[in-house]
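Colleague:
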Amino acid sequence: MKILLRFACIVLGGLALSFIVAKGVLVPIGQWYEMNRAQSESDLTQAFVIALAVQAICAVLGGWLGDWVFRKWRQKQGHH
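Numbering (numbering that gives the first Met the number 0), first residue to last: 0 to 79.
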């Protein structure tokens with residue numbers, strides 16, 4: 000059960016951080032870039048790839064953060 004809870008914390012942390020960054024940062028920047036700076040489809044494709052890379056990094060960091068929260072919670076419970 001502990002392993003499933005830890006896995007859930009990792010997955011939820013990854014999904015949460017990547018969602019927050021996508022909706023709060025990447026979408027607004029992407030819309031601004033598309034309307035003001037992009038010159039061609041190539042520019043948009045490059046911006047899309049960068050956004051995917053940023054979102055993947057955020058998913059990994061969120062998973063690490065979820066695991067960290069789980070470990071802190073377990074320490075508070077007295078289970079090392």
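Glycine is no exception: its CB is placed at the ideal position from the N, C-alpha and C atoms.
For residue 62, which residues in the same chain have their Cβ closer than 6 Å to its Cβ, ignoring the five residues on either side in sequence?
Modeller: For this step, residue 62 is matched to residue 63 along the sequence shown. So the list reads 9, 12 and 13, once near-sequence residues are dropped.
Colleague: Less than 8 Å between the C-beta atoms of residue 4 and residue 69, yes or no?
Modeller: By 1-based counting over the sequence shown, the position of residue 4 is 5. By 1-based counting over the sequence shown, the position of residue 69 is 70. It is a contact, given that the beta carbons lie within the stated cut-off.
Colleague: For residue 71, report the span of its alpha helix (DSSP H) as first-last.
Modeller: Position 72 of the sequence shown, counted from the first residue, corresponds to residue 71. It spans 40–76 - the alpha helix (DSSP H) in which residue 71 sits, taken as one unbroken run.
Colleague: Here's the rule I'm using: 16 or more other beta-carbon atoms within 10 Å means buried, otherwise exposed. How should residue 52 be labelled?
Modeller: To locate residue 52, count along the sequence shown from 1; it is residue 53. Answer is exposed; the Cβ neighbour count stays below 16.
Colleague: When the Cα atoms are used, what is the spatial distance from residue 40 to residue 72?
Modeller: Numbered from its first residue, the sequence shown carries residue 40 at position 41. Numbered from its first residue, the sequence shown carries residue 72 at position 73. Going by the C-alpha atoms only, they are around 47 Å apart.
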